[in-house]
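What follows is a set of notes on a single structure, which appears directly below.
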Amino acid sequence: MTQSVPPRPANPCINICRMDAARRYCQGCGRTSTEIGLWDGMTDAQRAFVLAALPARRGRWAGSSGKP
């Protein structure tokens with residue numbers, strides 16, 4: 002019996018790479034510069050943890066100014 006390997010969590014980068022100095026997150030993907038730098042070496046669990054945090058970060062942006 003062959004088991005399929007689940008795909009690695011996808012990189013959330015959308016090629017809008019601008020850091021928001023006040024929030025310290027990328028305006029495109031929502032990650033910190035540390036998360037961006039470590040992404041390739043992260044485990045699937047670490048990537049999933051970062052990805053799970055992104056909607057809340059984006060929600061805070063929308064609640065404060067409507068923009069990232």
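Mapping the sequence shown onto my numbering, position 3 (from 1) lands on 4, and the numbers just tick up by one. Yeah, the Cβ is synthetic: ideal placement off N, Cα and C, and Gly gets one too. Since this is a predicted model, take the numbers as computed values, not measurements.
Cys30 versus Asp41, Ile15, Thr44, Met43, residue with shortest Cα-Cα distance: Scanning Asp41, Ile15, Thr44, Met43 for the CA closest to the CA of Cys30 turns up Ile15.
For Ser5 and Val51, the rounded distance between their alpha carbons: Separation of Val51 and Ser5 (C-alpha to C-alpha, rounded to the nearest whole angstrom) is 24 Å.
Spatially closest choice to Gln28 from Gly60, Pro56, Arg19, by CA coordinates: Ranking Gly60, Pro56, Arg19 by Cα distance to Gln28 puts Arg19 first.
Beta-carbon proximity check, Leu114 vs Pro13, cutoff 8 Å: What is shown of the chain runs 2 to 69, which leaves residue 114 out entirely.
Beta-bridge partners of Asp41, as assigned by DSSP: According to DSSP, Asp41 bridges with nothing at all.
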